[in-house]
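To convert a position in the sequence shown, counted from 1, into the numbering used here, add 6.
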Amino acid sequence: MADTWLADTGATSHMTPHRHWFKSYSPHRIPIRLADNSTVYSAGVGSVVFQPVVKGKETRAVEFTRVLHVPDLRSNLLSCLYLARHKGFNITISAQSIDFKYQGISLFTATIHSNNSAELDGSTLTSEAAFSVSTLLVGLSLWHRRFIHHNYADVKSMISKELVTGLKLESNSPPDAICEPCLAGKMHSHPFPSSLNHNRSPLELVHSDLHGPLPVSTHSGYKYWITFIDNSTRFRAVYLLKAKSEAFEAFKVYKSWAETQLGVKLRALQDDKGGEYMSKAFLAFTQEAGIERRHSTRNRPQQNGLAERANRTMGERITAMLSESRLPGSFWGECISSMVHVWNMLPTASLSGTTPFQAFYKRKPDVSHLRVWGCTSYVHVQRDKRNSIQPHYEKCVFIGYPAGYKGWKFYNPVTKRTMISERADFDERYFPGTSKAQLEAVPSFACLPESLPLPNDTLSYSGLPPLQDEGGDNHFSPARPKTPTPSASVPPEEKPVLPLPLPVIPPFIPPVIPPVTPPQIHAPLPVTPPTAGAPLEPPHVPRRTGRVRKPPGQWWKLKQPDLAGNDSDSDDEAALLADSEFCEVEFAGAVSGADPRSYRLAMKSPDSDCWTEACNTEIFNLEANGTWELMELPPGKKVVNSGWVFKVKRLADGSIERYRARLVAKGYSQRPGFDFTEVFAPTFRPASLRLIIALAAREGYKMRSVDISSAFTYGELEEEIYMRQPEGYHIGSPNMVFRLRKSLYGLKQAARQWNKKLRSVLEGIGYSRLRSDSSIYIYSKGDIKVIVPIFIDDITLVSKSDAAMTSAVTELSKHFKLRDLGSTTLLLGIQVKQDRSHHTISLSQEHYIKELLERFNMDDANPLSTPLAPGSELSDIIPSLEDQAEMKSVPYLNAVGALQYLATMTRPDIAYAVSYLGRFNSNPAPAHWLAVKHLFRYLIGTMHYKLVYRASDSEELFTTYSDASHGACKATGRATGGYVTLVSGAAVGWSSKRQPFVTLSSTEAEFVAAVEAGKEIKWTRNILTEFGFPPTLPSTLFVDNKSGISVAKNPEHHGRMKHLDLRFYWLREAVEEGLIDPLYVSTHEQVADILTKAVAKKVVEFAVPLLGLE
């Protein structure tokens, strides 16, 4: 493909096949007719930055917008028609060149060659280089204002020392001689001596000071702010308060956030001994946490000068910002939010060669997204929010950098609403403000005395530039045209306004989950990392609801906001309405790194390019597979909605393997009998999988994984189903839908149809399905044996023969698009380690446990040695109304459900605990939640446990232990039974359940438990036989009750056992047939004891290694 642009007078849009050129990109699929009447399709639309060369010299870079990404195109086409009609260009064609002028200025040229082609003079910048273009040729004065009126010397220092990224200066651009907002704010830069020692370790000392009351309240009623500054990194956090009494809650939120981010404990707090810091609760909390308290003495504020002077300077800065923006004083909350965002990126004297941001997050900040606070902005209006004659933009005021969104925050003075958008043009020369604000004097927000000392490392904010900076010429900045939003057609855009610098879309700021605090404290406002994957900013706390105060860190006490919003919004670059009334509360959402819950969120995430590619890949695969046919919806037919599901696929070590976007049908709207009939599809039992792995370890088999791409789409549909086109990829009129020819994820019959297809393929190449588990297939011919367990689209091959497994993969690839993942390392979220040298295979869920502990805020708790408190008995009495109210927001069901997966797959040692806690799912009380947290604390100390299966040549393939705890459930009088089957030195099958009826004696309870274990033994023998390993000896069943063994062998104790159902006497027949051999084992050697009750530490320590956990 060519790397040059051809000026084309016939093309209606700019087009290129190069995806890596795009600075901004959105999926956009439309048909394009070529000169030879063939049709190709675009994959996306966005902007591309071009570096012109005019008369042999590079000039200002220009940005081509509304560029279509057409992968099948051979050339890069620049539409002269589009530039002339929609952008206002004057295009002059001469014999040898074409000149592209805008408002009389030649922006770029093209050279005409002998074959009449016209190539643009210059080169295209890659997406990485394109983002830096937006900061070129910006003067020192503009950066001074973007940096909240920071002094010019430090701005130059930031450039020369490369303290940040994205900061460029035009060498000949002079600073303004006088900065009026700086004068209005009375900026001070007097040097003061300081005795402040600079601590080396983060959080060794934190300075704090409360500021206020302010002369005016914010729109949400805040009158104070409180500042926390880490003495080591100088990183600051600010919280808005409505009353001084909220200072304690703010400190708890700050402490939790800072300790989580830095991984160290806060050791000392310096304050002015104000009443807000000296409450009994505050003092008790810091004493319990081991935090040293330091106070400044009376009338000596310089002892806490770092925090107090910072508050004064912020007050001055607010005054300057409001003066420049002409906004009312009630906007001071937005001022301080933006100020702290910027401030942590600026250098201080105490941090040589770095910034607070870099000292805190260990990376340089990117300042390319900064804009002058309060300036005029033109915010794009999404297509479905306007009609054809309404303007494409709203004139707004830029008011900040919202957390959790890839964009800026704006205020519309006309509608008095805020919005967030990543599509905007800025005119940083003008400030719309309100006319009333222009006439009124801006109140001073610096309430501190002039005599307050300034520590020698505090920021200096002189508004006057040094004399040597004066001189030079004014610079010219071409306009940045707007980028279109993805829609069925690409609309024309507004003409640019000159001169403006090229804006850059600000990087995504990860959302955070707010912790519980009395919901009256405003969000903390330290700077959020401006690069994807950076640590989170401090948490946001909603406003007061009148609820009783709760301890910090219990995030589940707070209902999480729904970030998904309107998932039907197809404009992924749309401006989002934030509030019906103006307020300072930012957006909060899911845990950072969580998978996007909607297409809109995926396109606004820091990994939007990855998700876009994943979506394109999904659409391409589905179309190539013949999944659908595009047509008009027939009259009278129902349509099924479609949606996107996003998932980051990870490797065994937790690192990212790939980004997966899956198009799904929303099958909940399907009608039984019309859109589907049968839906059952088999999946293997966990015990089957573990048994296969145990056999692989015993016999020296290898394991290999295969992933079928878009597996469900291979199933043939038998019903007539119509589906809406997916978001971001609509073609044609609104009535155009997909007639599904193949099954799709989300359809109720999809799994069944895929299973039918896969079965026909496997049986066609010689595999047979097991009767003992219909999701497992086996190929056996001579000495070659291949076992294939299947879980939906994850296929595992187990065999001694590499050639046989390779042959199977080759045959499958003839029918399906698949990925050969090689040796199995991850299976259903379980880490699999095949150690050939030691002849072992181990299963671990350590990563899953870590995620659980973080998810439920238990990762910092102290470990315990037992799953439950020994002998613990929890009541199932209905909790009090107060307890019920408290438990409504506790994620009890979520926690028990998550633990159930762990207990089912690899951790038999917690099977009883999870089963026991599950009994209270319908009405848990605080005591039950404490028991769940006890179990979490046990996992903290045992997260490294793994099931280890070893090679063995024993004739006895497996052994089983069975036990019961008679009358263990006090509420029902029922016993709890448990069993475990051991193969190759570790547990393969286990169970812990409350028995379904009351047993009258321990003998009866043990017998019933032995029957359940016998059923598992029978199934294990059957499946081993189908695998080609038929047991030749009776299977041993260890029981610690001699009477129970007697009843299993002989019709003894008839008078005490005659009431049992006849089905329980199946065990006696199995013993008589020589299938099962019940043997006695002492209670102290009963491995299954841990499955029947809350046992002591020594019992756990005895059972764990016998279960194969290491």
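Note that the Cβ used here is the ideal one computed from N, Cα and C, for glycine as well.
For Trp935, the three-state secondary structure derived from DSSP is helix. Counting C-beta atoms within 10 angstroms of its own C-beta, Asp841 has fewer than 16 neighbours from the protein chains shown and is therefore classed as exposed. Here Val76 carries a coil assignment [DSSP, helix/strand/coil]. Inclusion of Ala608 and Phe652 in the CB contact set at 8 Å is warranted, their separation being smaller than that value. A direct Cα-Cα distance of roughly 16 Å separates Gln57 from His24. Judged by DSSP in its simplified three-state form, Leu289 adopts helix. The beta carbon of Ser1088 lies closer than 7 Å to those of Asp1046 in the same chain, with the five residues before and after it left out.
Put simply, the backbone Cα of Ala90 is about 19 Å away from that of Ala67. Secondary structure note for Ala957: it is in no alpha helix (DSSP H), with a DSSP letter that is neither H nor E. Excluding the 5 residues flanking it on each side, Ile771 has same chain C-beta neighbours closer than 6 Å at Glu817, in chain order.
Using a C-beta cut-off of 8 Å, the stretch 32-50 makes no contact with the stretch 92-104, since fewer than three inter-stretch Cβ pairs fall below that distance. Membership of Glu340 in the alpha helix (DSSP H) is indicated by the continuous run 338-349. Residue pairing by DSSP places His213 opposite Ile235, Gln276 in a beta bridge.
By the criterion of at least three beta-carbon pairs nearer than 8 Å, the stretch 1039-1056 is in contact with the stretch 1001-1018. Taking the Cβ atoms as the reference, Ser749 lies roughly 5 Å from Leu723, within the contact range of under 8 Å. Lys787 and Ile1023 have their C-alpha atoms roughly 27 Å apart.
In this structure, Val55 and Leu131 form a Cβ contact; the two beta carbons are roughly 5 Å apart against a cut-off of 8 Å.
The three-state reading of DSSP puts Glu1079 in coil, since its state is none of H, G, I, E or B. Fully contained in the stretch 1002-1053 are the following beta strand (DSSP E) runs of length 3 or more, in chain order: 1041-1045. The three-state reading of DSSP puts Pro221 in coil, since its state is none of H, G, I, E or B. The Cβ-Cβ distance between Ala917 and Thr966 does not fall below 8 Å.
In the three-state reduction of the DSSP assignment, Arg332 falls in the coil class, being assigned neither a helical nor a strand state. Around the beta carbon of Gly110, fewer than 16 other beta carbons lie within 10 angstroms, which makes this residue exposed.
A Cβ-Cβ distance of about 15 Å is found for the pair Ser48 and Phe70, leaving them out of contact under the 8 Å criterion.
As the crow flies, the alpha-carbon of His34 is around 8 Å from that of His736. Annotated three-state conformation of His301 is strand, per DSSP. Contact between the stretch 744-760 and the stretch 777-792 is absent: fewer than three C-beta pairs spanning the two stretches fall below 8 Å.
Our two residues, Tyr230 and Thr224, have alpha carbons roughly 10 Å apart in a direct line. Under DSSP, Ala993 shares a beta bridge with Leu988. Boundaries of the alpha helix (DSSP H) harbouring Pro362: 362-367, taken from the DSSP string.
For Ala620, the CB contacts under 7 Å within the same chain, skipping 5 residues up- and downstream, are Tyr665, Arg666, Ala667 in chain order.
Between the stretch 1022-1042 and the stretch 970-989 there are three or more inter-stretch CB-CB distances shorter than 8 Å, so the stretches are counted as touching. Separation of Ser374 and Gly339 (C-alpha to C-alpha, rounded to the nearest whole angstrom) is 23 Å. In the structure shown, His20 adopts extended strand secondary structure according to DSSP, grouped into three states. Relative to the Cα of Glu1079, the nearest Cα in the group Ser604, Ser344, Thr1038 belongs to Thr1038. Using a Cβ-Cβ distance cut-off of 8 Å, the stretch 262-274 and the stretch 342-358 are not in contact, since fewer than three pairs of beta carbons, one from each stretch, lie closer than that value.
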